[in-house]
Amino acid sequence: MNVKTKLSDCLRPLMLGALLLSGAVHAAVQPLDSVVAIVDNDVIMKSQMDQRVREVQQTIAKRGSGVPPAADLQPQVLDRLILENLQLQMGERSGIRVSDDELNQAIGTIAQRNNMSVDQFRAALAHDGLSYNDAREQVRREMIISRVRQRRVAERIQVSEQEVKNFLASDQGKAQLSEEFHLANILIATPDSASSDAIQAAAVKAKSIYDQLKKGADFAKIAATTSSSENALEGGDMGWRKAAQLPPPFGDMLSSMPIGDVTPPARTPGGFIILKLLEKRGGQGQAQMRDEVHVRHILIKPSEIRSEEATKLLAQKIYERIENGEDFATLAKSFSEDPGSALNGGDLNWVDPNSLVPEFRDVMSSTPQGELSKPFKTAYGWHVLEVLGRRATDATGQ
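Under mature numbering (1 follows the signal peptide of the UniProt record, and there is no 0), the letters of the sequence shown match residues -27 to -1, 1 to 371, in that order.
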């Protein structure tokens, strides 16, 4: 991979000449867009990076975290754009394509989820100063990247049913069915060939970050601006991890650590890691009963073209339509923006309440079986849920 972060001087006269030939001459001097990275046979422009930085800031603000300055986010965003560009090139080499029909269908789905026709969607984009063609190409890029990732995962997964059974019966398999942690991380990376001075500097930086966190600093904000991990822009969220998937010091430490606390920096082959414990569940092979709820929901998310108030209003209208007798599953397939459940009519199947965000869990717990909740808000957007059943199950070994 050839990645350069500076535009060659020999290209600048060509760019200027192209602008003059196209008649783009202004009385006042206009700033030229610039190249911030060259990735193999493609380039990333500063305007692309600036736009993505604004989008990341909006996403962080919706989570309720402090919004980092643009300059602090630019290195992370540029790394993400380079990765996406490489994935797009990989998709092109692999023959992955998104047809116009598929793209039109995706655009139609997006418009429908925003309670608009395609023409209204185009008008809304224009009203916000956004190009419909640019929006189409962005959707096409995201679809290609998604297919590249799915193909890469599928190529690596070749596990027979018997292999799964053998693994679960082994000591290692049993260990992986034990305690589980929902974690976020901050990684201060050190190269393989790092000098002792560089390692010491990374250790000092990690200790400084740890001290800030213990004094109440925003973990997600610091992760977005300083962490070298792939999930930095998501606040470092790693999802759920089994105790056996973590290095021994972390597994032992997290078991006795209160939720919300952070670990001291620990040296790993990739650098120094700080973990934050967001949630935990399961146990060390102890017999235990677990309450489960069968629930389905419809999720409506705010976006650049749909305000928070408009999102709430759409959720309220969907709630009223269900109350008036329309089919929940049909409306979920048409409107829900939860990709994991929309195609199943919003059905989340049987879930452990402790695996859900507190706002969703609280509403679900207070909604009687067979009834519908009123619209409510979480960090993901506005929801309407229906409780289909409740049960207690033996969670030992699960």
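Just so you know, even glycine gets a beta-carbon here, dropped at the ideal spot from N, CA and C.
- If only uninterrupted alpha helix (DSSP H) runs of at least 4 residues are considered, those enclosed by the segment 35 to 91 are 43 to 66 and 73 to 86.
- Only buried fits K253, as 16 or more other CB atoms lie within 10 angstroms of its CB.
- With a 10 Å radius around the Cβ and a threshold of 16 neighbouring Cβ atoms, N106 comes out exposed.
- Judged by DSSP in its simplified three-state form, K253 adopts strand.
- Where I291 is concerned, the enclosing alpha helix (DSSP H) starts and stops at E281 to E296.
- Taking 3 residues as the shortest admissible run, the segment 285 to 364 contains the following complete beta strand (DSSP E) segments, listed from N- to C-terminal end: 320 to 324 and 349 to 351.
- When the alpha-carbon of I232 is set against those of I80, N327, R364 and D101, the nearest one is in N327.
- Rounded to the nearest angstrom, the Cβ distance from A196 to I159 is 5 Å, consistent with a contact under 8 Å.
- Cβ-Cβ distances below 6 Å link I161 to A175, K178, A179, G244 and F245 in the same chain, with the five nearest sequence neighbours on each side left out; the list follows chain order.
- Under the 8 Å Cβ criterion, the segment 45 to 65 does not count as touching the segment 272 to 288, having fewer than three qualifying pairs.
- Rounded to whole angstroms, the Cβ separation of F308 and R86 is 6 Å, and the two are in contact under 8 Å.
- With a cutoff of 9 Å on beta-carbon distance, A157 and G208 are scored as near each other.
- D101 carries a coil assignment under DSSP once its states are collapsed to helix, strand and coil.
- Here L345 is actually not in contact with E310; their C-beta atoms are around 19 Å apart, not less than 8 Å.
- Remark: C-beta atoms of D264 and A193 do not approach each other more closely than 9 Å.
- For N317, the closest C-alpha among the options Y353, W323, V330 and A302 is that of A302.
- DSSP places A171 inside the alpha helix (DSSP H), whose first and last residues are S169 to K187.
- Pairing V8 with M18 gives a Cβ-Cβ distance under 9 Å.
- The segment 97 to 112 makes contact with the segment 72 to 85, as at least three CB pairs between them are under 8 Å.
- Between Q30 and P41, the gap from beta carbon to beta carbon is short of 9 Å.
- Bridge pairing for N106: absent [DSSP].
- With a cutoff of 9 Å on beta-carbon distance, A217 and F154 are scored as not near each other.
- Beta-carbon to beta-carbon, V71 and I117 are separated by about 6 Å, close enough to satisfy the 8 Å threshold.
- At least 9 Å separates the beta-carbon of R363 from that of H270.
- With contacts defined by Cβ atoms closer than 9 Å, T284 and G343 do not form a contacting pair.
- When C-alpha distances from A43 are compared across S20, L61 and L59, the shortest belongs to S20.
- Rounded to whole angstroms, N88 and S228 show a C-alpha spacing of 46 Å.
- In its chain, beyond the 5 residues on either side, I117 and V121 have a beta carbon closer than 6 Å to the beta carbon of G64.
- In summary, E203 is exposed, with fewer than 16 beta-carbon neighbours lying within 10 Å of its beta-carbon over all protein chains present.
- Per DSSP, K215 is not a residue of any alpha helix (DSSP H); the beta strand (DSSP E) it occupies stretches across D210 to K215.
- In the structure shown, the three-state DSSP call for G233 is coil.
- Judged by DSSP secondary structure, I195 falls within the alpha helix (DSSP H) whose first and last residues are F192 to T199.
- CA-CA distance, L321 to S166, rounds to 47 Å.
- Counting along the chain, L156 sits inside the beta strand (DSSP E) bounded by residues E153 to A162.
- In the DSSP assignment, D15 falls within the unbroken beta strand (DSSP E) covering D15 to M18.
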